[in-house]
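Q:
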Amino acid sequence: MWLNTERVGLGCSNCSLPLSPSLGFCSLLFYSLRFLSFVLVASRQSTLSPTIAVFFDIKMLFTSLALLVAGATSVRAHGYPQTVNIGGQTYQAWHPFSDPYTQPNPSTVVRKVPDDGPLTYNSPDLTCNKGGATGNGVTATVAAGQSVTWTMNTWPADHKGPLQVYMANCGDSCDNFDGSGNVWFKVSSEGLTDPAAFYWGSDKLIAQGNSWTQVIPSNIKAGKYLMRFELLALHSAGAPQFYPSCTQLDITGGGSGAPTQSELVSIPGVYQQGDLALFGSIWSQPQSWPQVGPNVAAFISGDSAPAPAPAPSSTSAAPSSSDEPASTTKTASTTKPASTSTYSEPESYPSPTKGSGGPKPPAATSNHKVCRIKRAQKNHFARREYLRGWGKNRL
């Protein structure tokens, strides 16, 4: 599950180790067999050469094990919510790498996520992630005007992009509410807030200790809601990556605030192929960035959401998938029709486009541990050839 080829040196600049865990496993197996063979030789001969060879094979055995571990940790380069604080009370979120193996499975207010991998814009699981179509039997009670804070286990700095929050009214219960159809309205969105510093919502998340806070609208109508937290990574031009999760809330107090029918959208369906806000290149030195998806619902007061990103001006250039920014901007419509396209795996998209003077995608750095392993391997084989020749000369 955790072996994702996109995370192993193939398009993910955050993953600096260009080797897969399977390669580490093969190396570990190879040197384990060599070690055992030399132990047998050393037990039958009193010469020095097999002993020296055994020593170097032990060294390579441990370096191969280190390679396997490093490869496994490099694969998991993204994040998922670890905890969520709702109205001052902290709840454990769903932990995808441990909770599935705990019996019985923990009951959490955050619906299940299978791993820390991304989804495409038209994935059928985009609503609440894979495994998130139903709840885990827990709904947190919170008053309107209070806050919800998600804390991620980690988030890579190069996965820049907007953070958005949607809500949907579940009706009588959220446990079996799957969030399908035009039921979602936007509560907040934070994208490129400081073009000069290339500062995105994702940068703010990291600066806040991998935490993000959403204030529940103080005037929202009481009821049971799903709150959908969405991280969108735009670092790979033409291949937007979505990381959603859903939290079940029972909101008390509030007022009569509710979205209009025209403000409700379907997820998936709200995002479309070719949308510049999703498929443009963030590396083209944009002075603004189009809003992703619909506008925030009109009934929501200004203090219920994070500070919005600056609106595109007529003199600023919009992001472009080419080297030069486009001269016009694209404004997101209030609503978007449900998608009629069927789900398909991501296509092969071009690499991020770099502007002549803008920020550059983070370059993959060399891994000193891998270099040491390669040098040790070369030295090992050189010593082995020397010892073979030395043994022949003695005969």
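If you count by full-length UniProt numbering, then the sequence shown holds residues 1 to 395, one letter each, in order. Glycine is no exception: its CB is placed at the ideal position from the N, C-alpha and C atoms.
(1) Determine, using beta-carbon pairs with one atom in the stretch 189-204 and one in the stretch 160-168, whether at least three such pairs fall under 8 Å.
(2) Would you give the residue range spanned by the alpha helix (DSSP H) that G201 belongs to?
(3) Spatial neighbours of T108 within its chain, please: CB distance less than 8 Å, with the 5 preceding and 5 following residues excluded, ordered by chain position.
(4) Short check: CB of Q261 to CB of Y225, under 9 Å?
(5) Check this for me: beta carbons of F185 and A297, under 9 Å apart or not?
(6) Helix, strand or coil: which one does DSSP assign to D250?
(7) Please name the residue in Q214, D125, P104 and V148 whose C-alpha comes closest to that of N85.
(8) DSSP three-state label for P244, please.
(9) Assuming P240 and F279 form a contact by the criterion Cβ under 8 Å, report the distance between their Cβ atoms to the nearest whole angstrom.
(10) Per DSSP, what kind of secondary structure is S284 in: helix, strand or coil?
(11) At the level of alpha carbons, what is the spacing between S173 and V142?
(12) Please name the residue in P96, G257 and P290 whose C-alpha comes closest to that of G117.
(13) What number of angstroms, rounded off, separates the C-alpha of A326 from the C-alpha of L205?
(14) Along the chain, where does the beta strand (DSSP E) that runs through A140 open and close?
(15) Give every residue of the same chain whose Cβ lies closer than 6 Å to the Cβ of A277, excluding the five residues on either side of it in the sequence, and list them in chain order.
(16) I need the boundaries of the beta strand (DSSP E) containing L192, first residue and last residue.
(17) Going by other Cβ atoms of all chains shown within 10 Å of its Cβ, with 16 needed for buried, is N169 buried or exposed?
(18) Residues in the same chain with beta-carbon distance under 6 Å from A259, minus the five sequence neighbours each way, listed in chain order, please.
(19) Please report the distance separating the alpha-carbon of V215 from that of G255.
(20) Out of C246, A144 and P124, which has the shortest C-alpha to C-alpha gap to M227?
(21) Using DSSP with H/G/I as helix, E/B as strand and the rest coil, what is F185?
(22) Helix, strand or coil, according to DSSP, for P100 in the structure here?
(23) Using CA atoms only, rank isn't needed, just tell me which of Q285, Q272 and S266 is closest to C128.
(24) From V113 to G179, what distance separates their C-alpha atoms?
(25) Please classify T120 as buried or exposed, where buried requires at least 16 neighbouring CB atoms within 10 angstroms.
(26) Could you give the distance in angstroms between the alpha-carbon of T151 and the alpha-carbon of T83?
(27) Pull up the distance between the alpha-carbon of G181 and that of P104, whole angstroms please.
(28) Looking at the unbroken alpha helix (DSSP H) that takes in A277, where does it start and where does it end?
(29) When you compare each of H78, H159, G88 and G132 to W283 by their alpha carbons, which one comes out closest?
(30) The beta strand (DSSP E) that contains P81, what's its start and end?
(31) Sorted by chain position, which residues of the same chain lie with C-beta nearer than 6 Å to A233's C-beta, five sequence neighbours on each side aside?
(32) Can you check DSSP and say which residues form a bridge with E230?
(33) Quick check on DSSP: helix, strand or coil for S107?
(34) Ignore the nearest five residues each way along the sequence and tell me which others in N210's own chain have a CB closer than 8 Å to its CB.
(35) Spatial neighbours of Q146 within its chain, please: CB distance less than 8 Å, with the 5 preceding and 5 following residues excluded, ordered by chain position.
(36) Which one or two residues does DSSP pair with T213 in a beta bridge?
A: Quick answer:
(1) Between the stretch 189-204 and the stretch 160-168 there are three or more inter-stretch CB-CB distances shorter than 8 Å, so the stretches are counted as touching.
(2) By one-based count along the sequence shown, residue 201 stands at place 201. Residues G201 to A207.
(3) Along the sequence shown, read from residue 1 onward, the residue named residue 108 stands at position 108. Closer than 8 Å at Cβ, skipping near neighbours: Y91, Q92, A93, W94, D99, N136 and V138.
(4) Position 261 of the sequence shown, counted from the first residue, corresponds to residue 261. Position 225 of the sequence shown, counted from the first residue, corresponds to residue 225. No. Outside cutoff.
(5) On the sequence shown, position 185 is the one that residue 185 refers to. On the sequence shown, position 297 is the one that residue 297 refers to. Result yes, Cβ atoms of F185 and A297 sit closer than 9 Å.
(6) Residue numbering aside, residue 250 sits at position 250 when the sequence shown is read from its first letter. It is a strand residue.
(7) Translated into the one-based positions of the sequence shown, residue 85 becomes position 85. Of the candidates Q214, D125, P104 and V148, the one whose C-alpha sits nearest the C-alpha of N85 is V148.
(8) Here residue 244 refers to the residue found at position 244 of the sequence shown. Strand, per DSSP.
(9) Working through the sequence shown from its first residue, we reach residue 240 at position 240. Working through the sequence shown from its first residue, we reach residue 279 at position 279. Contact holds; Cβ gap of about 7 Å.
(10) Walking along the sequence shown from the start, residue 284 turns up at place 284. Coil at S284, not helix or strand.
(11) For this step, residue 173 is matched to residue 173 along the sequence shown. For this step, residue 142 is matched to residue 142 along the sequence shown. The alpha-carbon atoms of S173 and V142 are separated by roughly 15 Å.
(12) To locate residue 117, count along the sequence shown from 1; it is residue 117. Selected option, being the one with the closest Cα: P96.
(13) As a working note, residue 326 is residue 326 in the sequence shown. As a working note, residue 205 is residue 205 in the sequence shown. Its pLDDT being 36, under 50, A326 is placed unreliably by the model, and nothing is read from it.
(14) Residue numbering aside, residue 140 sits at position 140 when the sequence shown is read from its first letter. Looking at the DSSP string, the run of the beta strand (DSSP E) that includes A140 is A140 to A143.
(15) Here residue 277 is taken as the residue at index 277 of the sequence shown, counted from 1. Short of 6 Å from the beta carbon of A277, and not among the five residues preceding or following it, lie these beta carbons of its own chain, in chain order: P290 and V292.
(16) The residue labelled residue 192 in the question sits at position 192 within the sequence shown. Looking at the DSSP string, L192 is not in any beta strand (DSSP E), and its letter there is neither H nor E.
(17) The residue given as residue 169 occupies position 169 in the sequence shown. Answer is buried; the Cβ neighbour count reaches 16.
(18) Taking the sequence shown and counting its residues from 1, one reaches residue 259 at position 259. Looking at the sequence provided, one finds Pro at residue 259 rather than Ala. Hits under 6 Å: F185 and A297.
(19) Here residue 215 is taken as the residue at index 215 of the sequence shown, counted from 1. Here residue 255 is taken as the residue at index 255 of the sequence shown, counted from 1. Straight-line Cα distance between these residues: approximately 15 Å.
(20) In the sequence shown, residue 227 corresponds to position 227, counting from 1. Considering only C246, A144 and P124, the residue with the shortest C-alpha distance to M227 is C246.
(21) Translated into positions along the sequence shown, residue 185 becomes position 185. In the structure shown, F185 falls within a strand segment according to DSSP collapsed to helix, strand and coil.
(22) Stepping through the sequence shown from its first residue, residue 100 is reached at position 100. In this structure, P100 counts as helix in the three-state DSSP scheme.
(23) Residue mapping note: residue 128 aligns to position 128 of the sequence shown, counting from 1. If we check each option's Cα against that of C128, S266 comes out closest.
(24) Numbered from its first residue, the sequence shown carries residue 113 at position 113. Numbered from its first residue, the sequence shown carries residue 179 at position 179. Answer to the nearest angstrom: the Cα atoms are 15 Å apart.
(25) The residue labelled residue 120 in the question sits at position 120 within the sequence shown. T120 should be labelled buried.
(26) One-based indexing of the sequence shown puts residue 151 at position 151. One-based indexing of the sequence shown puts residue 83 at position 83. If you take the alpha carbons of T151 and T83, they lie about 5 Å apart.
(27) Looking up residue 181 in the sequence shown gives position 181. Looking up residue 104 in the sequence shown gives position 104. Taking the straight line from one Cα to the other gives about 32 Å.
(28) Position 277 of the sequence shown holds residue 277. First-last of the alpha helix (DSSP H) with A277: L276 to F279.
(29) Here the question's residue 283 lines up with position 283 in the sequence shown. If we check each option's Cα against that of W283, H159 comes out closest.
(30) Residue mapping note: residue 81 aligns to position 81 of the sequence shown, counting from 1. Here the beta strand (DSSP E) through P81 covers P81 to I86.
(31) Reading the sequence shown from its first residue, position 233 is the one you call residue 233. Contacts found: H159, G161 and Q241.
(32) Locating residue 230 in the sequence shown gives position 230, counting from the first residue. DSSP, once it has assigned bridges, lists Q164 and P244 as partnering E230.
(33) One-based indexing of the sequence shown puts residue 107 at position 107. In the structure shown, S107 sits in coil (DSSP, three-state: anything other than H, G, I, E or B).
(34) Working through the sequence shown from its first residue, we reach residue 210 at position 210. Same-chain partners within the cutoff: G79, T151, M152, N153, T154 and W155.
(35) Translated into positions along the sequence shown, residue 146 becomes position 146. Closer than 8 Å at the Cβ level, and outside the excluded window around Q146, lie I86, G87, G88, V215 and I216.
(36) Your numbering for residue 213 matches position 213 in the sequence shown. According to DSSP, T213 bridges with T149.
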